[in-house]
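2 protein chains.
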Amino acid sequence: MRKGQNTRREIVKGALEMAGQVGLENVTLGALATELDLSKSGLFAHFESKEALQLAVLEEAVERFKLRVIRPALGAPRGEPRFNTLFDAFLEWMTVGGGDGRGFDDAAERRMGGCIFMALSQEYDDRPGKVRDAVVQSQREWRSFVSGAARLGVDEGHFRADLDIEQVAFEFVGIGMTCQQTNKLLGDPNAGQRARTAFRSLLARCRVRREMQPRRAPRVAGTLVRGSL
Amino acid sequence: MRKGQNTRREIVKGALEMAGQVGLENVTLGALATELDLSKSGLFAHFESKEALQLAVLEEAVERFKLRVIRPALGAPRGEPRFNTLFDAFLEWMTVGGGDGRGFDDAAERRMGGCIFMALSQEYDDRPGKVRDAVVQSQREWRSFVSGAARLGVDEGHFRADLDIEQVAFEFVGIGMTCQQTNKLLGDPNAGQRARTAFRSLLARCRVRREMQPRRAPRVAGTLVRGSL
DNA sequence: GTCAAAATTGACCGATCGTTCTATTTTTGC
DNA sequence: GCAAAAATAGAACGATCGGTCAATTTTGAC
Chain A
26 MRKGQNTRRE
36 IVKGALEMAG
46 QVGLENVTLG
56 ALATELDLSK
66 SGLFAHFESK
76 EALQLAVLEE
86 AVERFKLRVI
96 RPALGAPRGE
106 PRFNTLFDAF
116 LEWMTVGGGD
126 GRGFDDAAER
136 RMGGCIFMAL
146 SQEYDDRPGK
156 VRDAVVQSQR
166 EWRSFVSGAA
176 RLGVDEGHFR
186 ADLDIEQVAF
196 EFVGIGMTCQ
206 QTNKLLGDPN
216 AGQRARTAFR
226 SLLARCRVRR
236 EMQPRRAPRV
246 AGTLVRGSL
Chain B
26 MRKGQNTRRE
36 IVKGALEMAG
46 QVGLENVTLG
56 ALATELDLSK
66 SGLFAHFESK
76 EALQLAVLEE
86 AVERFKLRVI
96 RPALGAPRGE
106 PRFNTLFDAF
116 LEWMTVGGGD
126 GRGFDDAAER
136 RMGGCIFMAL
146 SQEYDDRPGK
156 VRDAVVQSQR
166 EWRSFVSGAA
176 RLGVDEGHFR
186 ADLDIEQVAF
196 EFVGIGMTCQ
206 QTNKLLGDPN
216 AGQRARTAFR
226 SLLARCRVRR
236 EMQPRRAPRV
246 AGTLVRGSL
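From first to last, the protein sequence lines are chains A and B. So the first sequence is numbered by our numbering: it starts at 26 and just counts up by one. So the second sequence is numbered by our numbering: it starts at 26 and just counts up by one.
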């Protein structure tokens, strides 16, 4: 018997979309039921509590992120190529948003727009509970993946040996965050280009040395202090 | 007669603090009244609608931001010193959060923690209305101020003449955003240091040329393409 | 101290919140 | 096609939501 599992998925998908608009905490069982043509109790019967639904939504978001961002990166050769692919996929996720990856519903996709994890980071950074814990874990794992990709760049000899990979991850996600604000809130169509420019700069600092300190006399290759990134 | 004006301020301050925890949209008149030892109707009498209260809260946040970030920067000499001061003040705002600047209530200050505008950017990026419009305007003005500070750096001869000042602002705010997530959500005490390191890198790119393109043979000062930042 | 104006209260509105319970319908294994 | 199981519906719960209104208390200028 599996009809129930199917509707459960539909509920989670609908809740994820709604969460992108009003926030996960403000997804309402009644409104969700109305949108999905279900009775409120029929919907609720699939979860033991609203919190359980929220956790399911987060799980779905993580799955989509893996599908749309992590997997494409893993398909690229280790080192700089994978690092670049990771950023491209991340940027795509940030600007387009994460559809469910099975039969694109473009309209719904555009409507969702933007990275749900950024919203969740803000929504739960002061709200203790299981949902917050899950959000924290997802973001820790994401940073770890980014820094891991940078580490592979070092291992492959593409990046500097003394690269601070966590600093790279820090700046990497920062570019994505600004990009989202620039694109979605400020409505600047150049957000993607700005992000790519910033990433190119980050990439350059990963690759070479002696790029950090300002040089008053650029042609003279005198003693240069090694920067931390 | 002015007693009413005073309570109004108290209400707005309380609402701002509450907004930092649960989001501006979830600030509830009842809960706010309880916390301030007021009746719900007595509280509500000071505003024509909840939206008016929200706008007042946003206004208060903008005032605090000006007091804590903009003003210190304007007190520094134009150019690189002001640019540096701006970042320091911004970072302080991001990590400590914005108190009201009159008699520090440290407890309340720590409780608030973090930049309310980041939360608002997420909360309203998909929620049309006057509040969203006000949030957008505040963030546009903020970016404009940052890029203006960078422009002064160019004018003063501290920064490159061909500097893309909007790109600088883009990356500037990105550092702050990641810093907040790293500090508040992930609980990493090194977030501030990471942000400072990232800023030092950005600053270096503002100051000098020829830093963008990777060089396979660093010692050879061959033909170098000028990067956009 | 008086008295009008301002500030605040408390009761109440319909709507909706998450949740529970008991039917009723639909699906599925046989 | 039948019975058991699963899925859905409907009504109702107390609580709270934003908002209104008449009544009351507090305030401030004279």
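Quick reminder that beta carbons are idealized off the backbone N, C-alpha and C, glycines included. Fair warning: this is a prediction, and the values are worked out from it, not measured in the lab.
* Asked: What whole-angstrom Cβ distance do residue 115 of chain B and residue 94 of chain B have, given they're in contact under 8 Å?
  -> 5 Å
* CB residue 86 of chain A to CB residue 57 of chain A, shorter than 9 Å? -> Cβ atoms of residue 86 of chain A and residue 57 of chain A: not closer than 9 Å.
* Residues of the segment 196-213 of chain A whose Cβ lies closer than 7 Å to any Cβ of chain B, in chain order -> 196, 198, 199, 200, 202, 203, 206, 207, 209, 210 and 211
* What separation, rounded to the nearest whole angstrom, lies between the Cα atoms of residue 5 of chain B and residue 161 of chain B? -> It is not possible to answer for residue 5 of chain B, since the shown part of chain B is limited to 26 through 254.
* To do: Check whether the segment 139-158 of chain B touches the segment 140-149 of chain A, taking contact to mean three or more Cβ pairs, one atom from each stretch, closer than 8 Å.
  => Cβ pair count under 8 Å is three or more, so yes.
* To do: From the DSSP output, in three-state form, read off residue 204 of chain A for me.
  => The DSSP-derived three-state label of residue 204 of chain A is helix.
* **Min CB distance residue 164 of chain B to chain A below 9 Å** => yes
* Asked: Is any beta-carbon of chain A found at less than 9 Å from that of residue 181 of chain B?
  -> no
* Taking 9 Å as the CB-CB cut-off, is residue 40 of chain B touching chain A? -> no
* To do: Verify the CB distance criterion: does residue 151 of chain A have a CB-CB separation below 9 Å to chain B?
  => yes
* To do: Could you say if the segment 59-73 of chain A and the segment 170-179 of chain B meet the contact criterion of at least three C-beta pairs nearer than 8 Å?
  => no
* To do: Run down chain A in chain order and give the residues with a C-beta less than 7 Å from the C-beta of residue 59 of chain B.
  => Neighbours of residue 59 of chain B in chain A, taken as residues whose beta carbon is under 7 Å from its own, are absent, since the nearest beta carbon is some 19 Å off.
* Asked: Over what stretch of residues does the alpha helix (DSSP H) that includes residue 165 of chain B continue unbroken?
  -> 155-180
* **Inter-residue spacing [alpha-carbon to alpha-carbon] between residue 203 of chain A and residue 119 of chain B** => Rounded to the nearest angstrom, the two C-alpha atoms are 15 Å apart.
* Taking 9 Å as the CB-CB limit, is residue 222 of chain A close to chain B? -> yes
* Around the C-beta of residue 77 of chain B, are 16 or more other C-beta atoms found within 10 angstroms, so that it is buried, or is it exposed? -> exposed
* Please confirm whether any heavy atom of the ligand COA lies closer than 8 Å to the CB of residue 140 of chain A. => Judged by which ligands are present, the structure shown has none, so any question about the ligand COA falls away.
* Between the Cα of residue 106 of chain B and the Cα atoms of B:179, B:27, B:195 and B:213, which residue gives the shortest distance? -> B:179
* Asked: Skipping 5 residues on each side, what residues in its chain have a beta carbon closer than 7 Å to that of residue 246 of chain A?
  -> Caution applies to residue 246 of chain A, whose pLDDT of 38 falls short of 50 and renders its modelled position unreliable; the value that the coordinates give is listed next. None.
* **Backbone secondary structure at residue 101 of chain B - three-state DSSP** => coil
* Whole-number beta carbon distance between residue 226 of chain B and residue 230 of chain A, since they are thought to touch under 8 Å -> 7 Å
* To do: Keeping to the same chain, check which residues put their C-beta closer than 6 Å to that of residue 79 of chain A; ignore five residues upstream and five downstream.
  => 49 and 156
* Shortest alpha-carbon distance to residue 98 of chain B belongs to which of B:222, B:122 and B:112? -> B:112
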